[in-house]
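**Student:** One structure follows; several queries about it will come next.
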Amino acid sequence: MAVTDTDYSDLPKESPVGEPLDWAWLRGVRSEWGVRPKPGPRGLTMMDIAVGDYGEVPDRPAHRSMAPRGADIEGETPDMGYILNKKSDVWAENVRELYEEAVARQCSATRDIPWGDLQELPDDVEHAICQVCTTLAEVEMIASDLPAKWMWRMNHDFLEAKMFLCTQIMDEARHSEVFRKRALANGGGLLKSRAGPSSLLRTIIEAKTYTQATALMHLLGEGFVLDLFRQGELIAPGPVEKKIFRMAMQDEARHVAYGTMHIRYAIEQDPDVADEIHAALDHGEMVLTEFGTSPDLGSALAVLLAGGVEHVEDKGFPMQGELIAKQFTSYLARCERAGISRLDRTEIPLDLLGIDPEKIRAMVA
Amino acid sequence: MTHVDTIELFDGMAKEMNTHPERFTPLGELELDLVCVMRSPRETERVRLVFDGLRCRVLASVEGDERGADCWLDGDVAAWRDMFDDIRAHGAATGGYTLNSLTLLGERIRLGGADPMGVDKFSRFNQSLQEFFDGAARLHLAAV
Chain A
78 MAVTDTDYSD LPKESPVGEP LDWAWLRGVR SEWGVRPKPG PRGLTMMDIA
128 VGDYGEVPDR PAHRSMAPRG ADIEGETPDM GYILNKKSDV WAENVRELYE
178 EAVARQCSAT RDIPWGDLQE LPDDVEHAIC QVCTTLAEVE MIASDLPAKW
228 MWRMNHDFLE AKMFLCTQIM DEARHSEVFR KRALANGGGL LKSRAGPSSL
278 LRTIIEAKTY TQATALMHLL GEGFVLDLFR QGELIAPGPV EKKIFRMAMQ
328 DEARHVAYGT MHIRYAIEQD PDVADEIHAA LDHGEMVLTE FGTSPDLGSA
378 LAVLLAGGVE HVEDKGFPMQ GELIAKQFTS YLARCERAGI SRLDRTEIPL
428 DLLGIDPEKI RAMVA
Chain B
234 MTHVDTIELF DGMAKEMNTH PERFTPLGEL ELDLVCVMRS PRETERVRLV
284 FDGLRCRVLA SVEGDERGAD CWLDGDVAAW RDMFDDIRAH GAATGGYTLN
334 SLTLLGERIR LGGADPMGVD KFSRFNQSLQ EFFDGAARLH LAAV
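Line order of the protein sequences matches chains A and B.
Counting from 78, one number per residue, gives the positions in the first sequence under the working numbering.
Counting from 234, one number per residue, gives the positions in the second sequence under the working numbering.
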């Protein structure tokens, strides 16, 4: 209990307009007074202030209000309608660090991309990058909509997880922005949008639980897109597009890191959760494969990898096949790390892609 | 003359980072433990880079140390030399000589890690890491 030696007994009992006053907050409360966390070289981080009771995140919070965790909370608090009231529903051990990282590493699609350096491209290449940007502008925003759908349902004691998801929402808004801007900025425009991506996006947004949703979005969808952004080195027709992919890649990797470690935490706390995650990924992998091999995105990526339509068959498609194998290898390795091994269950044609499950097992062992 | 597979070059890059945080501030802090493995017929050298915030510490490293790092970059000395030559020639890595490009197909320098989360840190902090290596262009050391 916070204790004060100062005598405040002479303070008024009523406000100037006659309202009753309560000075309990001044006389001492049950919260931890005087913890005084020390700022580190970077300033005062969320890790620095996770001290004493303030740093303790309960497995099952007693309240369902927006009262700040660690405050002196009255017995009767309003129920905000939270349905994610177990820490394992949303938590990841790295979530505080990821929040600080996200805040420190924000960029601007307006200011930090050298838009003035865009170069005139051959017609087929401009069309291809515009098609890729069209698809990305469409799918990126799902990673804003999905956390927004669930955040108001998360118990407020899991504040750091909600704060991190706020940064993800901002990141994905920026990704939608930057790909839309690129589609328009060099004399091209937005191209084809078909049912394929919508089917994937509906699968993600309609997931029945948050943990299923995060498996579909963070682990599967964003993992796939993260590797696509890494491949921007080969896909991008010029330095401006390379910069776009590099900046987006850094953001996407944080989201994947949260999702992977959230799933790991959820399974560690309740191994039965693995079944529902597997069920979601069984379906998710199928629709993601349809999305990844869709006629628009797939062919546009192959054209970019080939540097134009002329070599799309002898260079573009073979290179694309190699990169898809890398994407699925990364995804399956992350699943191992998350504690949800898919190697004996997945319907992804590992043989066809040349993926050796034993190598993935050995990688993570 | 400084050989690329010696700690002197990496010490120089770390000093460049530690004395010029303004280059890294816009990119944000990083938290990464990375081992560079440089192989030649005569021997294999390892250098450990520990990034904390906007600072870097360079540590001599021995065989197997990379397993304890977040991730590692592993390639022939010739590949590392080509990368540094490109950085010195252009002031920063270009085209196929960026870290991301080199490791994407992994034909000459391979990105490895014992934990996929550690490997993904390479993506999370990629632009800071690239800025660190690009610092070699500003050193008064000729890397050979």
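Even glycine gets a Cβ: it sits at the ideal position worked out from N, Cα and C.
Please classify Q196(A) as buried or exposed, where buried requires at least 16 neighbouring CB atoms within 10 angstroms.
**Tutor:** Answer is exposed; the Cβ neighbour count stays below 16.
**Student:** Could you name the residues of the same chain whose beta carbon sits closer than 6 angstroms to that of M326(A), not counting the 5 residues immediately before and after it, in chain order?
**Tutor:** Correct list, in chain order: F306, R307.
**Student:** At a CB-CB cut-off below 9 angstroms, which residues of chain B make contact with R414(A)?
**Tutor:** Residues of chain B passing the Cβ test: D348, P349, M350.
**Student:** Take E276(B) as the anchor and find which of G261(B), E262(B), T239(B), P259(B) has the nearest alpha-carbon.
**Tutor:** Out of G261(B), E262(B), T239(B), P259(B), T239(B) has the C-alpha closest to the C-alpha of E276(B).
**Student:** So if DSSP puts F284(B) in a beta bridge, which residue, or which two residues, is it bridged to?
**Tutor:** In DSSP, F284(B) forms a bridge with L265(B), C289(B).
**Student:** Quick check: the stretch 198-209 of chain A against the stretch 262-269 of chain A, are at least 3 beta-carbon pairs closer than 8 angstroms?
**Tutor:** With the cut-off at 8 angstroms, the stretch 262-269 of chain A and the stretch 198-209 of chain A touch.
**Student:** Helix, strand or coil for C184(A)? Go by DSSP, reduced to three states.
**Tutor:** Residue state, collapsed to three classes: coil.
**Student:** Run through the DSSP bridge pairs and tell me what C210(A) is partnered with.
**Tutor:** DSSP, once it has assigned bridges, lists no residue as partnering C210(A).
**Student:** Cα-Cα, which of Q397(A), V128(A), M324(A), R422(A) is closest to L430(A)?
**Tutor:** When each option's Cα is compared against that of L430(A), the closest is Q397(A).
**Student:** When the distance is taken between beta carbons, is E249(A) closer than 8 angstroms to G215(A)?
**Tutor:** It is worth fixing the name first, because residue 215(A) is Glu in this sequence and not Gly. Cβ atoms of E215(A) and E249(A): not closer than 8 angstroms.
**Student:** Rounded to the nearest angstrom, what separates E278(B) and P224(A) at their Cα positions?
**Tutor:** The straight-line gap from Cα to Cα measures roughly 45 angstroms.
**Student:** Between which two residues does the beta strand (DSSP E) carrying G369(A) extend?
**Tutor:** Per DSSP, G369(A) belongs to no beta strand (DSSP E); it is in the alpha helix (DSSP H), 350-369.
**Student:** Determine whether the Cβ of L303(A) lies closer than 8 angstroms to any Cβ atom of chain B.
**Tutor:** Chain B contact via Cβ: present.
**Student:** If I follow the unbroken alpha helix (DSSP H) through W227(A), where does it start and stop?
**Tutor:** Per DSSP, W227(A) belongs to the alpha helix (DSSP H) from 219-228.
**Student:** Looking at C-alpha atoms only, which residue of G132(A), T280(A), D99(A) is the closest neighbour of L88(A)?
**Tutor:** Ranking the options by Cα distance to L88(A), first place goes to D99(A).
**Student:** Can you pull out the residues from the stretch 321-337 of chain B whose beta carbon lies closer than 7 angstroms to at least one beta carbon of chain A?
**Tutor:** Within the stretch 321-337 of chain B, the qualifying residues are T331, N333, S334, L337.
**Student:** Where DSSP assigns a beta bridge to I160(A), which residues make up the other side?
**Tutor:** Paired residues: none, contrary to the question.
**Student:** Which residue marks the beginning of the alpha helix (DSSP H) containing G398(A), and which one marks its end?
**Tutor:** Run containing G398(A): 394-415, per the alpha helix (DSSP H) assignment.
**Student:** Check whether the Cβ atoms of M246(B) and G368(B) sit closer than 8 angstroms, and answer yes or no.
**Tutor:** Contact: yes.
**Student:** Taking 8 angstroms as the CB-CB cut-off, is R357(B) touching chain A?
**Tutor:** Yes, contact with chain A.
**Student:** If you pair each beta-carbon of the stretch 328-345 of chain A with each one of the stretch 136-153 of chain A, do three or more pairs fall below 8 angstroms?
**Tutor:** With a cut-off of 8 angstroms, the stretch 136-153 of chain A and the stretch 328-345 of chain A do not count as touching, because too few Cβ pairs lie within range.
**Student:** Exposed or buried, which one is T83(A) when buried takes at least 16 other CB atoms within 10 Å?
**Tutor:** The residue is exposed, with fewer than 16 neighbouring Cβ atoms inside 10 Å.
**Student:** Can you pull the DSSP bridge partners for W305(B)?
**Tutor:** Its beta-bridge partners are V268(B), G345(B).
**Student:** Using the beta-carbon count (16 or more within 10 Å), is K239(A) buried or exposed?
**Tutor:** So K239(A) counts as buried.
**Student:** Using the C-alpha atoms, what's the distance from V317(A) back to R257(A)?
**Tutor:** The alpha-carbon atoms of R257(A) and V317(A) are separated by roughly 14 angstroms.
**Student:** What residue from F322(A), E435(A), C184(A), H140(A) has the CA that sits closest to K163(A)'s CA?
**Tutor:** Ranking F322(A), E435(A), C184(A), H140(A) by Cα distance to K163(A) puts H140(A) first.
**Student:** Identify each residue in the stretch 259-287 of chain B for which the Cβ-Cβ distance to at least one residue of chain A is less than 9 angstroms, and report them in chain order.
**Tutor:** Against chain A - using a Cβ distance shorter than 9 angstroms - the residues of the stretch 259-287 of chain B are P259, L260, G261, E262, L263, E264, D285, G286, L287.
**Student:** Using a Cβ cut-off of 8 angstroms, pull out every chain B residue sitting near Q308(A), in sequence order please.
**Tutor:** Those within 8 angstroms of Q308(A) in chain B are L337.
**Student:** Determine the DSSP secondary structure at V277(B), reduced to helix, strand or coil.
**Tutor:** It is Thr, not Val, that sits at residue 277(B) in the sequence shown. Strand.
**Student:** For the stretch 321-338 of chain A, enumerate the residues whose C-beta is nearer than 8 angstroms to any C-beta of chain B, in chain order.
**Tutor:** If the cut-off is 8 angstroms between Cβ atoms, the stretch 321-338 of chain A has R323, M324, M326, Q327, E329, A330, R331, V333, A334, T337, M338 near chain B.
**Student:** Could you work out which residue in R422(A), F368(A), A169(A), F394(A) is closest to S276(A) when comparing CA atoms only?
**Tutor:** Closest by alpha carbon: F368(A).
**Student:** Under the assumption that I281(A) contacts G298(A) (Cβ atoms under 8 angstroms), give the Cβ distance between them as a whole number of angstroms.
**Tutor:** Confirmed, about 6 angstroms.
**Student:** Verify whether the separation of the beta carbon atoms of L292(B) and R300(B) is less than 8 angstroms.
**Tutor:** No, they are not a contact pair.
**Student:** Going by C-alpha distance, which of A260(A), H360(A), I344(A) is nearest M294(A)?
**Tutor:** The shortest C-alpha separation from M294(A) is found at H360(A).
**Student:** If we define contact as Cβ-Cβ less than 8 angstroms, is R173(A) a contact residue for chain B?
**Tutor:** Chain B contact via Cβ: absent.
**Student:** From L278(A) to Y287(A), what distance separates their C-alpha atoms?
**Tutor:** About 15 angstroms.
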